Amino acid sequence: MSSGTIAAPQAGEREAGWRDIVAVLAVRALDRLRSIAAVVRPLGWTLMALAIAFWISGVLMGWQELIVAALVLAVAVVLCSAFLIGRTEYDVSLDLARTRVVVGERAVGALTLTNSGTRAILPSRVVLPVGAGRGEFSIQRLAPGQQAEELFTIPTQRRGVVEVGPVSVVRGDPLGLFERAHRRDDPVDLYVHPKTVLFGGQSLGFLRDLEGMPATDLSRDDVSFHALLEYQPGDDLRHVHWRSTARTGTMMVRQFEETRRSHFVIGLSRSSGDYRVDDDFELGISVAGSIGLRALRDSQRVDARVQGRELAAGTGKQLLDSLSTVEHSRPREGGVPELAGVLAAHMPLASVVVLVCGSTVSTEDLRVACARLPFGARVLAVVVQTGLDRPALRKIGDADVVTIGALEQLPLALQKVLA
Numbered sequence: 000m001s002s003g004t005i006a007a008p009q010a011g012e013r014e015a016g017w018r019d020i021v022a023v024l025a026v027r028a029l030d031r032l033r034s035i036a037a038v039v040r041p042l043g044w045t046l047m048a049l050a051i052a053f054w055i056s057g058v059l060m061g062w063q064e065l066i067v068a069a070l071v072l073a074v075a076v077v078l079c080s081a082f083l084i085g086r087t088e089y090d091v092s093l094d095l096a097r098t099r100v101v102v103g104e105r106a107v108g109a110l111t112l113t114n115s116g117t118r119a120i121l122p123s124r125v126v127l128p129v130g131a132g133r134g135e136f137s138i139q140r141l142a143p144g145q146q147a148e149e150l151f152t153i154p155t156q157r158r159g160v161v162e163v164g165p166v167s168v169v170r171g172d173p174l175g176l177f178e179r180a181h182r183r184d185d186p187v188d189l190y191v192h193p194k195t196v197l198f199g200g201q202s203l204g205f206l207r208d209l210e211g212m213p214a215t216d217l218s219r220d221d222v223s224f225h226a227l228l229e230y231q232p233g234d235d236l237r238h239v240h241w242r243s244t245a246r247t248g249t250m251m252v253r254q255f256e257e258t259r260r261s262h263f264v265i266g267l268s269r270s271s272g273d274y275r276v277d278d279d280f281e282l283g284i285s286v287a288g289s290i291g292l293r294a295l296r297d298s299q300r301v302d303a304r305v306q307g308r309e310l311a312a313g314t315g316k317q318l319l320d321s322l323s324t325v326e327h328s329r330p331r332e333g334g335v336p337e338l339a340g341v342l343a344a345h346m347p348l349a350s351v352v353v354l355v356c357g358s359t360v361s362t363e364d365l366r367v368a369c370a371r372l373p374f375g376a377r378v379l380a381v382v383v384q385t386g387l388d389r390p391a392l393r394k395i396g397d398a399d400v401v402t403i404g405a406l407e408q409l410p411l412a413l414q415k416v417l418a
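See the structure below:
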């Protein structure tokens, strides 16, 4: 009785162990079948299906012609599969001469493949994805230690971030029935920056001092002295003016003007409804980049924002990289008035705010947007409209509004504002 009780669990454990082994083997076999199926292209599946269909039809109907056709197709499939045999273990190096270019500039790269093994590598095809497209290179037979280099040029007609790579080494047959691809190296991002314009002259009319410009708000604790007031409980005793206290017999403290540190804010609308055409949108991005670069050269603290997110703008490279990624926003994210409200909420101490938008924004929307911006900040709105012959200047409340039709008009427009 006792021996039978012990034997039953042992048999159950052996059965569970066999089930685990079978499950592992099945998973490995399935993975292997998937890897084999991955090398077969649609034409290969079609020919194999035809070969099977011809063979079955020929046997059932006694047609020797169909049997011969099935054999011919089977031989063709087997011969083409032989082209998959061979190593493709290259050492791949992808190098871009520059990872940041301006729209229209030539972006050049080099692809180097080295056979670091001890056996020769048969001819292969190398596929290099570039954004939505791809380039293909034919690599000849490489002996051990031999190297092949391919130069390529990337079109940069549009602003954006282009992913180059990863490189795939492809081995296939002449008929295109099979294709085996191995990925090599990591992709590289190519930043295509918007065009910008350099301009000199005044520093956009903003103070360069460390403490910032004084505002009209009064404070009992700041650095810009304004007047003397009678002491109130809670005032800082360090600000007591002892000479006036001795003369009047009443404790007097200094009153200060609140100061506003130089804080340059750029609000770029990316709402598609604010622009007539895509060229206007690209011009607006170029304007934001040009003004931001000038402010950074003037040692201003620059913050840039679009609908939905803030753009990195600590350096010129960060600003242009961020602008390379800007695309149209969703309608629910609003237009210029909503963007101005976000700027006021997140950057209430801004000393200068520049709004950039398209010509379809109405005067009333611009008026609402300017009214929502931080109180006391100097406001400049730049409206872009490609094809305009010369810049135009107008006032909306306390804000200066300039309309330009080309990037080259921006320095003249700002000169008019600062005049």
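For the sequence shown, numbering that gives the first Met the number 0 gives the first residue as 0, with consecutive numbering after it. We put the CB at the ideal spot given by N, CA and C, even for glycine. Note that this is a predicted model, so its numbers are computed, not measured.
So residue i is in the beta strand (DSSP E); what residue range does that whole segment cover?
i      : result
Leu372 : Unbroken run through Leu372: none, as it is neither H nor E.
Val419 : No information on residue 419 is available, as it lies outside the stretch 0 to 418 that the chain covers here.
Within this structure, are the beta carbons of residue i and residue j separated by less than 9 Å?
i      : j      : result
Glu162 : Val191 : no
Asp273 : Cys356 : yes
Gly334 : Gln317 : no
Val383 : Ser358 : yes
Gly315 : Leu282 : no
Arg140 : Pro154 : no
Ala69  : Ile51  : yes
Arg170 : Arg133 : no
Val353 : Ile290 : yes
Thr424 : Glu148 : Coverage of the chain is limited to positions 0 through 418, which leaves residue 424 absent and any answer about it impossible.
Thr117 : Asp90  : no
Can you tell me which of the three DSSP states residue i falls into?
i      : result
Gln146 : strand
Asp221 : Any reading at Asp221 is ruled out, since the residue's pLDDT is 44, under 50, leaving its predicted position unreliable.
Glu210 : For Glu210, the predicted model reports a pLDDT of 38, less than 50, meaning its position is unreliable and no value from the coordinates is stated.
Arg158 : coil
Lys194 : coil
Thr362 : helix
Asp19  : helix
Glu281 : helix
Asp30  : helix
Asp94  : strand
Thr244 : helix
Of all the options the options, which has the alpha carbon lying nearest to the alpha carbon of residue i?
i      : options                        : result
Leu96  : Leu228, Asp90, Glu104          : Here the sequence assigns Ala to residue 96, which means Leu is not the residue at that position. Checking every option, the nearest Cα to that of Ala96 belongs to Glu104.
Ala294 : Leu310, Phe82, Phe198, Asp30   : Phe198
Glu337 : Asp364, Val129, Phe136         : Asp364
Val38  : Val107, Val166, Ala180, Thr113 : Ala180
Ile284 : Asp302, Leu322, Ser298         : Leu322
Leu419 : His262, Asp279, Ala287, Leu319 : Outside the displayed span of the chain (0 to 418) sits residue 419, for which this structure offers no information.
Leu417 : Arg296, Gly396, Leu392, Leu78  : Leu392
Asp277 : Val325, Asp399, Thr117         : Val325
Based on the DSSP output, what are the partners of residue i in its beta bridges?
i      : result
His262 : Arg300
Ala106 : Ile153
Met251 : Glu229
Glu420 : Nothing about residue 420 can be reported from this structure: the residues present for the chain run from 0 to 418 only.
Arg179 : Arg170
Leu413 : Answer by DSSP bridge pairing: none, since Leu413 is not bridged.
Asp188 : Glu162
Arg237 : Beta-bridge pairing links Arg237 to no other residue.
At what residues does the alpha helix (DSSP H) containing residue i begin and finish?
i      : result
Ile403 : Premise fails: Ile403 lies in the beta strand (DSSP E), 398-403, not in any alpha helix (DSSP H).
Ser80  : 63-80
Ser420 : Residue 420 falls outside the range modelled here, since the chain spans only 0 to 418, and no answer is possible.
Ser56  : 41-60
Gly340 : 335-345
Ala391 : Element bounds for Ala391: not the alpha helix (DSSP H) but the beta strand (DSSP E), 391-395.
Leu354 : Here Leu354 belongs to no alpha helix (DSSP H); instead the beta strand (DSSP E) covers 351-357.
Chain B beta carbons: is any one of them nearer than 9 Å to that of residue i?
i     : result
Ala81 : Going by chain labels, chain B is absent from the structure shown, which holds only one protein chain.
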